[in-house]
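In my numbering, the protein residues as written are 9 to 138.
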């Protein structure tokens with residue numbers, strides 16, 4: 009048993025350079041993978057930030073046109089009465105879903121101008137439904 013352990017130790021010492029080469033090869037692969045990942049993360053983050061910026065612009069366009077049209081649709085004295093009617097309107101889940109889908113459609117629209125048109129049209133629908 010003692011001779012086997014000594015022989016095993018000698019073999020390990022003789023093969024230490026091969027083991028060192030194997031470790032170096034493994035760390036080279038990991039380093040290459042890490043470098044590649046780092047190179048890819050930058051552009052992906054940039055694309056993600058651009059996409060988020062475009063979505064915010066579309067949402068802002070939608071909300072601006074939506075609120076401007078609602079403001080013009082109601083006279084000053086009607087606003088409180090219409091806000092109570094709006095609260096009643098929003099109590100129905102189907103109406104809340106409609107508003108959610110409309111806003112989502114505006115954000116996913118092909119352009120900022122499309123979002124603006126969706127904002128205008130949805131405010132027109134809301135004025136007629138309240």
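We put the CB at the ideal spot given by N, CA and C, even for glycine.
Just so you know, these numbers come straight off a predicted model, no measurement behind them.
Item, Value
"Identify whether residue 73 lies in helix, strand or coil by the three-state DSSP scheme.", "helix"
"Taking the straight line between their C-alpha atoms, what separation do you get for residue 92 and residue 99?", "11 Å"
"Under DSSP, the alpha helix (DSSP H) around residue 101 begins and ends at which residues?", "101–115"
"Going by other Cβ atoms of all chains shown within 10 Å of its Cβ, with 16 needed for buried, is residue 73 buried or exposed?", "buried"
"Taking buried to mean at least 16 other C-beta atoms within 10 Å of its own C-beta, is residue 39 buried or exposed?", "exposed"
"Return the CA-CA distance between residue 31 and residue 53, expressed in angstroms with no decimal places.", "33 Å"
"Using the C-alpha atoms, what's the distance from residue 119 back to residue 104?", "24 Å"
"Helix, strand or coil for residue 3, going by three-state DSSP, please let me know.", "A query on residue 3 cannot be resolved here, the shown segment of the chain reaching from 9 to 138 and no further."
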